[in-house]
Each structure stands twice: as structure tokens, then as C-alpha cells.
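Trainee: Under my numbering, think of the first position of the sequence shown as 25, with each following residue one higher.
The beta carbon of each residue, even a glycine, is placed where N, CA and C say it ideally should be.
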Amino acid sequence: MTWKRCRVCPKKVIPTCASATQPMLRNVWRIVRVQAPDDQLYPAEEADVLHYNQPFKLVLNEQLCGDGELALHSEAKTGTSWSKISKNQEVTAVDRGTADLVWKPLYIDMEHRMEMEGMPVKANVAVILHHVQTNKPLCSQKANIHINDFGPEWEVCCFDDRGTGTKKRCLPELPPNHWGFITGPPAQGAPRKPIDRKKLTQEQASVVVEKVRTKLIQRGGNGFRGLTRVLTILDDNGNRKLDKYEIDNGLQTYGLSLLPEELDAIMKAFDDDGNGQISVREFMRALRGPMSDRRVNLVRLAYAQLDIDGNETVTFDEIRQLYDVKKHPDVLSHNKTPDMVLQEFISAWDKDGNATITFKEFCEYYEDLGAPIDNEDYFELMIRNAWHISGGTGVAANTSCRRVLVTHNDGTQTVEEIKNDIRMKPDDIAAMKQNLMQQGITDIKKIQLYS
Numbered sequence: 025m026t027w028k029r030c031r032v033c034p035k036k037v038i039p040t041c042a043s044a045t046q047p048m049l050r051n052v053w054r055i056v057r058v059q060a061p062d063d064q065l066y067p068a069e070e071a072d073v074l075h076y077n078q079p080f081k082l083v084l085n086e087q088l089c090g091d092g093e094l095a096l097h098s099e100a101k102t103g104t105s106w107s108k109i110s111k112n113q114e115v116t117a118v119d120r121g122t123a124d125l126v127w128k129p130l131y132i133d134m135e136h137r138m139e140m141e142g143m144p145v146k147a148n149v150a151v152i153l154h155h156v157q158t159n160k161p162l163c164s165q166k167a168n169i170h171i172n173d174f175g176p177e178w179e180v181c182c183f184d185d186r187g188t189g190t191k192k193r194c195l196p197e198l199p200p201n202h203w204g205f206i207t208g209p210p211a212q213g214a215p216r217k218p219i220d221r222k223k224l225t226q227e228q229a230s231v232v233v234e235k236v237r238t239k240l241i242q243r244g245g246n247g248f249r250g251l252t253r254v255l256t257i258l259d260d261n262g263n264r265k266l267d268k269y270e271i272d273n274g275l276q277t278y279g280l281s282l283l284p285e286e287l288d289a290i291m292k293a294f295d296d297d298g299n300g301q302i303s304v305r306e307f308m309r310a311l312r313g314p315m316s317d318r319r320v321n322l323v324r325l326a327y328a329q330l331d332i333d334g335n336e337t338v339t340f341d342e343i344r345q346l347y348d349v350k351k352h353p354d355v356l357s358h359n360k361t362p363d364m365v366l367q368e369f370i371s372a373w374d375k376d377g378n379a380t381i382t383f384k385e386f387c388e389y390y391e392d393l394g395a396p397i398d399n400e401d402y403f404e405l406m407i408r409n410a411w412h413i414s415g416g417t418g419v420a421a422n423t424s425c426r427r428v429l430v431t432h433n434d435g436t437q438t439v440e441e442i443k444n445d446i447r448m449k450p451d452d453i454a455a456m457k458q459n460l461m462q463q464g465i466t467d468i469k470k471i472q473l474y475s
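Have a look at this one:
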């Protein structure tokens, strides 16, 4: 990628693309790391190594910049700003230090892109250069010829080139989106010792776990539950332990692929007795993290709504009939319909012959569902609304229990809450009156449903 200084704005450079087999002054760029929260996850030996999905800036050769530095820049296309040839999103090099200067390298193969996140970017191989602010990849199409002082070259813009058709978003990026970091001749002096990534430490094993956890969070709470079921199915002898190959098969079955050294890191971190097997329970607990005491107490309240006799066993059919999916986070965010959430809820349980669910199983379900939810108040609201548990303060206050308009004996009217009404039919006025009297509201002349 080369450059041409803009005549209108001397601090703005228009990059172009041309064939070049050797580095020269025009096509040498400097990679500058952009600080990000994930920096601490990379090994200390790779402090100056660019990794996939790691933010960076491309700064023009300082011999050409003059005062200050010019970095590769792009911003969303507007009515006055676009690439002059293709009319796509314009790419320039400017001296403004904004978020529009940040890019990320993506692995070329879409199928393995997610599992390659955090791995070093190799030189002289094709990558996708992704503009972070606008979510567009860097592109240069040979059909868009840009004439400059050096002759005909190709325009550089931001455009997602995946061909044509209604399903093109599912297709891989075409060669116009392929770029590479090409190295010149080796510098004089001893070459740097390569890093042996097969010898990952315990600390680096946590990076692998966090990588899998991030992918599962992107699938929602059902992602953790689904992976647990897949790994449990692979447990042939029922001892809740799996070897490395079973873990690998389970992750791949669920669409998660790890490199061999990453699998070795997981086994080393969780194989306490050195027998080549790890506990499914402990592995999943590390992925989602244990629930806080506040969450456990809320889940116990929900289970108590179902376990009337206190024997810590409820039937699956009873839970299915009483579960209120209208307040589920995926329903509220319009990511799923109530029917979809209910179907996932039903399929999440291991329905054996007795069709019963213990408190331990119930708690494990909410460990999975709550893993992507960081806000404690939001988790409390989800539990209270799903199981019609009255109470809560502020944003965590219950909103699903029925409200009724009560006419008192003296003619005054108040709106009252029918507390813990999960087992109450919507038209059972007598049960509602009894519920209110247990709350101390006794001067009831008439009850009307209130919405």
C-alpha cells in the first residue's frame, strides 16, 4: 500500500495500492499498538508481537510525515465524504488522534477466525484488516483505478467484498479484502529466539478458558448449558471426567475449536491427579464462575415457590407450566420469541425416567443462564419476574406479580399487588382476596383486575 499527499489538505494523505515486490519508502508502515484491556492476557515475551483481534494503528513512514505522524484513517461514509472512485467508505492517512485510526487483524479463514483470536499474526500471510469504528474491512479492487503522480494505481477504501447474492454475508471475504504484513530482508545481528507456545503456563491457561468463555457468552446462557450437555453425553462411564480427546470432540461438536497447545494448557490446569482426565463440573465452573451468595439465595427462593412440601424435588412438568418466559432477557431484548425460550428451557434439562429436578440441578441451570449477566440487580429482576417472587428494591423490584384495583369499604380505591401469585389463576378473585387479607388488607368491598 502506497500513498499520495492530498493537494487540498497537506495533513491528509490518500493511500493507493500498487504491485511491489520489495519494500520502499512509499510502502513502509509502522505498526503501533493501541492499549486495550486484553493486553494483560498476552505473554510478556510477546509484548511487541501483533495478535489477531488486537487493536493497532498503521503509521506512515516518519521520513514522509514531516512534523507529527500520519496514521491510516477511515470514517463512515456521508453525503460529503466517500472514496472518489468506488463511492465506498473513504480511507486516508491523517494526523488526528481519534478512534477512527484503530484497526484489528482478523484471521483469513472465517471457520477458524474465532479460535485464532489472540494468536500471533504471522508475516507474509494473508489477513483481513478490520476498521474497528465502522466495522468495515480494508479493500482495494483492481477495477477502481486511481491516477496519481506515480501513474495508474488502485484505490484503497473500506468495503466488505463478498461477491453478490442474498447470502453473501455468509461467504468469506474475497481477495480485494486480503492484506499482509510483508517483511524485508533480515536485519543484521542475531535473530530473535522464537517463542515456544507449546509450553504455556498456568496463567496462560486462564487465557484459553477466557477465550472459550467469551465465545459461550456470545451465545447467551444456553451456550453454557448446551456445552455442559454435550460434554456430559460424551462421558461414557458416567464418572463426570473426560480426557483431552473427548474435551476436544465436545468443543468441536459445539462449534469451538482449540489449538493442540491450548488443549494441553486446559488439561494441565484442571487435571489435578495427573491421570489425563479432567472434571466436567470443574471445567464448566471455571468457564462460567461460581454464583454469588446473593444469586444462590434468589435461586433458592424461586425453588421454594415450586417445592411446596420441602423435599427438594419438583417435577419437570410443574416447572414447565409455571415458568414465565415473558420477562426472560432474550425475550426482552427481542433476540428470541417466548416459544423459543420455552423450548430451550425444556431441552436444557436431562429428563430421566423419574422426571424430577433437584435443587442442585435447578441451581446449575441458573449458573449457566446467569454467566453472561454481570449486573446483580438485573439477575435478581430476572428471577423475581420469572417466578413471580414479590419484593426487590429499585430496578430489581418485581414487576410481574398481578396488580388489582381494590375498592375499600369507605369507597376509596388503591392499587395493590397480589404477592407471590405464581400458582394463582388470572380470574380467581376469591384467591386474590384471600392473598390480600393475608397481607393485612381486610376492608375489601370489591376487586377489579388492573393492568
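Does the Cβ-Cβ distance between Lys1 and Val304 come in under 8 Å?
Mentor: There is simply no residue 1 to check, as the chain begins at 25 and stops at 475 in what is shown.
Trainee: Contact defined as beta carbons within less than 8 Å: I believe Ser424 pairs with Asp348. What is the distance between those atoms, to the nearest angstrom?
Mentor: The pair is a contact, with the Cβ atoms about 6 Å apart (cut-off 8 Å).
Trainee: With distance defined between alpha-carbon atoms, name the residue in Ala421, Gln463 and Trp53 nearest to Gly204.
Mentor: Per the Cα distances, Trp53.
Trainee: Measure the beta-carbon distance from Ser110 to Phe183 and round it to whole angstroms, keeping in mind my assumption that it falls under 8 Å.
Mentor: That pair is a contact at about 7 Å.
Trainee: Once the 5 residues before and after Gly416 are set aside, which same chain residues still bring their CB inside 8 Å of it?
Mentor: Answer for Gly416: Glu404, Leu405, Arg408 and Asn422, listed in chain order.
Trainee: Can you name the residues that DSSP bridges to Gln437?
Mentor: BP columns for Gln437 point to Thr431.
Trainee: With respect to 7 Å, is the separation between the Cβ of Asn148 and the closest non-hydrogen atom of the ligand GTP below this value?
Mentor: With respect to the ligand GTP, the structure shown offers nothing to examine, as it has no ligands at all.
Trainee: Provide the residue(s) that pair with Ala95 in DSSP beta bridges, ordered along the chain.
Mentor: Note: Ala95 sits in a beta bridge opposite Val83 and Val118.
Trainee: Taking the alpha-carbon positions, what's the Ile468 to Pro61 distance?
Mentor: Near 59 Å, if we compare the C-alpha coordinates of Pro61 and Ile468.
Trainee: State the Cα-Cα distance for the pair Ala95 and Met138, rounded to the nearest angstrom.
Mentor: Going by the C-alpha atoms only, they are around 27 Å apart.
Trainee: Whole angstroms is fine: what's the gap from Lys128's alpha carbon to Glu69's?
Mentor: Whole-angstrom Cα-Cα distance: 21 Å.
Trainee: Please determine, among His154, Ala42 and Asp452, the residue with the shortest C-alpha to C-alpha distance to His170.
Mentor: It is Ala42.
Trainee: Which same chain residues, not among the five before or five after Ala100, have their C-beta less than 7 Å away from its C-beta?
Mentor: Taken in chain order, the residues that qualify are Gln113 and Thr158.
Trainee: At the 8 Å Cβ level, is Lys292 part of the contact set with chain D, yes or no?
Mentor: This model lacks chain D altogether; it includes just one protein chain.
Trainee: Going by Cα to Cα distance, which pick from Glu141, Asp295, Val428 and Ala420 is closest to Arg318?
Mentor: Minimum Cα distance to Arg318 is reached at Ala420.
Trainee: With DSSP collapsed to three states, give me the class of Val349.
Mentor: Correct three-state label for Val349: helix.
Trainee: Starting from Ile169 and walking both ways along the alpha helix (DSSP H), at which residues does that stretch end?
Mentor: Unbroken run through Ile169 is the beta strand (DSSP E), Ile169 to Asn172; no alpha helix (DSSP H).
Trainee: Closer than 8 Å is the cut-off here; do at least three beta carbon pairs connect the segment 379-393 with the segment 428-444?
Mentor: Flag = no, the segment 379-393 and the segment 428-444 do not touch.
Trainee: Specify the secondary structure class of Glu197 as computed by DSSP and reduced to three states.
Mentor: Three-state DSSP puts Glu197 in coil, outside helix and strand.
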